[in-house]
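Enquirer: Counted the way this note's numbering counts, the sequence shown spans residues 1 to 256. After the structure tokens below, expect a handful of questions from me.
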Amino acid sequence: MTITNIELEHILNTKLNSSAINDYAPNGLQVEGKKEIKKIITGVTASLPLIEKAIEKNADAILVHHGYFWKSENPCIRGMKGKRIKQLLVNEINLFGYHLPLDIHPELGNNAQLAKHLGVINLQGLEENQNSIPMCGELETPISAEELKQKLEKTLQRTVILCDEFTSSPQKLIKEIGICSGGGQGYIDLAFEKGCDAFISGEISEQTTHSAREQGIYYFACGHHATERDGVKALGEWLAQQYGLDVEFIDIDNPA
1 MTITNIELEH ILNTKLNSSA INDYAPNGLQ VEGKKEIKKI ITGVTASLPL
51 IEKAIEKNAD AILVHHGYFW KSENPCIRGM KGKRIKQLLV NEINLFGYHL
101 PLDIHPELGN NAQLAKHLGV INLQGLEENQ NSIPMCGELE TPISAEELKQ
151 KLEKTLQRTV ILCDEFTSSP QKLIKEIGIC SGGGQGYIDL AFEKGCDAFI
201 SGEISEQTTH SAREQGIYYF ACGHHATERD GVKALGEWLA QQYGLDVEFI
251 DIDNPA
């Protein structure tokens, strides 16, 4: 199956409703390559190793969650950025990037995929708008923090940091869960305000520990990269199933 780069961008923009989401980087076709696309590589970040893998596999396009041209970054194409973009241009590889649209999509998004793996149901936004970044849902059967930690580690294949040393609340079973993939630890206070028993994200900050301890909400730091693998992987699988495209996910490991 062959598709043009503009047709693919239209399909992705429509599926992810990207035009309705205010983001920190442009969503869509970020670097233009050859017009016809036969082979697509998906991955979390458009790093040089991912680009080199795409070249090795004769890919025509790369589809990632973390692309280029972030707000406030230096616009000059030199150094690391220059090397990456040069390899894309020399090899005529299209680069598609989708950031927040791939975090919050109700079916294929990072949050939705993690919720699915954990058996979280009734997923909805934590914020009071239709494009809420953090989400929340519930488990049909409440479980302990240690049980959820083990489930997360098995699902994500990495060690999870659990904050459960409460200074004001007794330990309790978990039913209501807040989720925000990547660097969403700042939403822990909102999760508590909305009645969540636990909050799951990728990263942890110094103040996150105090919020968890003093408010009596479990916090699970599961890794930025680990919590954002499944969205782009699911999107690629959807493209393959719906349009018969040759799509391959490549995971460039990142301990962060």
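Yeah, the Cβ is synthetic: ideal placement off N, Cα and C, and Gly gets one too. Bear in mind that the values here come from a model prediction, so they are computed numbers and not experimental data.
Give the DSSP-derived three-state secondary structure of E203 in the structure shown.
Expert: coil
Enquirer: So for F166, helix, strand or coil by DSSP?
Expert: coil
Enquirer: Looking at the structure shown, is K140 part of a helix, part of a strand, or coil, going by DSSP?
Expert: At residue 140 the sequence reads Glu, which differs from the Lys that was named. The answer is strand: DSSP assigns E140 an E or B state.
Enquirer: How is V160 classed by DSSP in three states: helix, strand or coil?
Expert: In the structure shown, V160 sits in coil (DSSP, three-state: anything other than H, G, I, E or B).
Enquirer: Kindly indicate which residue of S47, I37, L118 has the alpha-carbon position closest to the one of H65.
Expert: S47
Enquirer: Any idea which residues DSSP pairs I179 with across the strands?
Expert: In the DSSP assignment, the residues bridged to I179 are M135, I200.
Enquirer: Mind listing, in chain order, the continuous alpha helix (DSSP H) runs of no fewer than 4 residues lying wholly within the segment 7-48?
Expert: none
Enquirer: Using the rule of at least 16 other Cβ atoms within 10 Å of the residue's Cβ for burial, across every protein chain shown, is C257 buried or exposed?
Expert: The first residue shown for the chain is 1 and the last is 256, placing residue 257 beyond what the model contains.
Enquirer: Which partner residues does V90 have in the DSSP bridge list?
Expert: None, per the DSSP bridge assignment.
Enquirer: Measure from the alpha carbon of C163 to the alpha carbon of each residue in P26, Q171, Q157, then state which is nearest.
Expert: Q171
Enquirer: Just to confirm the assignment, what range does the alpha helix (DSSP H) spanning H117 have?
Expert: H117: member of the alpha helix (DSSP H) spanning 110-118, first to last residue.
Enquirer: If distances are taken between C-alpha atoms only, which option among F96, I21, G137, P49 comes closest to K116?
Expert: G137
Enquirer: Hey, L114 and D230 are a contact pair by Cβ (cut 8 Å); roughly how many whole angstroms apart?
Expert: 7 Å
Enquirer: Looking only at its chain, what residues have a beta carbon closer than 6 Å to the beta carbon of Q242, apart from the 5 residues adjacent to it on each side?
Expert: none
Enquirer: Go ahead and label S72 buried or exposed: buried means 16 or more other beta carbons lie within 10 angstroms of its beta carbon, across all protein chains shown.
Expert: Counting the other CB atoms within 10 Å of its CB gives S72 a total below 16, which places it among the exposed residues.
Enquirer: Nearest by alpha-carbon distance to H210: which of D189, S201, G67 is it?
Expert: D189
Enquirer: Could you round the C-beta distance between Y219 and T208 to whole angstroms and report it? I think they count as a contact, below 8 Å.
Expert: 6 Å
Enquirer: Look at I177 and V120 and say whether their C-beta atoms are less than 9 Å apart.
Expert: For the 9 Å CB-CB criterion, I177 and V120 form a contact.
Enquirer: Can you look up T155 in the DSSP assignment and give me helix, strand or coil?
Expert: helix
Enquirer: Anyone know if the C-beta pair for G244 and H224 falls short of 9 Å?
Expert: no
Enquirer: For A25, which residues in the same chain have their Cβ closer than 8 Å to its Cβ, ignoring the five residues on either side in sequence?
Expert: G67, Y68, F69, W70, K71, G97, H99
Enquirer: Which residues in the same chain as A240 place their Cβ atom closer than 8 Å to its Cβ, once the five residues preceding and following it in sequence are excluded?
Expert: D246, V247
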